[in-house]
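Residue numbers (our numbering): 287 to 403.
We put the CB at the ideal spot given by N, CA and C, even for glycine.
Since we're looking at a predicted model, the values are computed, not measured.
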């Protein structure tokens, strides 16, 4: 799924001026920092992302959905807010017991540097 996500992010930037910055892919959910143009519709875009990633994965149970309905978003208004949120997000694999250190989680990175203010 990581490769499909990165491919999606590169196309989103090139074709729609939507930048995906830092992200963490967890086994059952995804955290990402995203920035789009003034007319950017996050809900619509998330739906497209979910469909793209669902098509790129092969769920064990085809009848079981891989995404929960909806999503949670938070507007970052300052460098401090960005830093706090990123620290929380990048610690997810450690809190979940998947790795001992954040550096050990292979499904986290930064694709585009987003203006953090």
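Would you mind listing the beta strand (DSSP E) stretches within the segment 361 to 393 that are 3+ residues and don't spill past its ends, in chain order? none
Less than 8 Å between the beta carbons of residue 304 and residue 333, yes or no? no
What's the call for residue 291, buried or exposed, on a 16-neighbour Cβ count within 10 Å? buried
From the DSSP output, which residues share a beta bridge with residue 330? Its beta-bridge partners do not exist; DSSP assigns none.
I'd like to check one pair, residue 398 with residue 391: are the Cβ atoms closer than 8 Å? no
Going by the beta-carbon positions, is the gap between residue 388 and residue 376 smaller than 8 Å? yes
Any idea if residue 335 is buried or exposed, counting beta-carbon neighbours within 10 angstroms, 16 or more meaning buried? buried
Within 10 angstroms of its Cβ, does residue 313 collect 16 or more other Cβ (buried), or is it exposed? exposed
At the level of alpha carbons, what is the spacing between residue 320 and residue 382? 23 Å
Give the secondary structure of residue 322 by DSSP, where H, G and I count as helix, E and B as strand, and everything else as coil. coil
Please state whether DSSP places residue 311 in a helix, a strand or coil. strand
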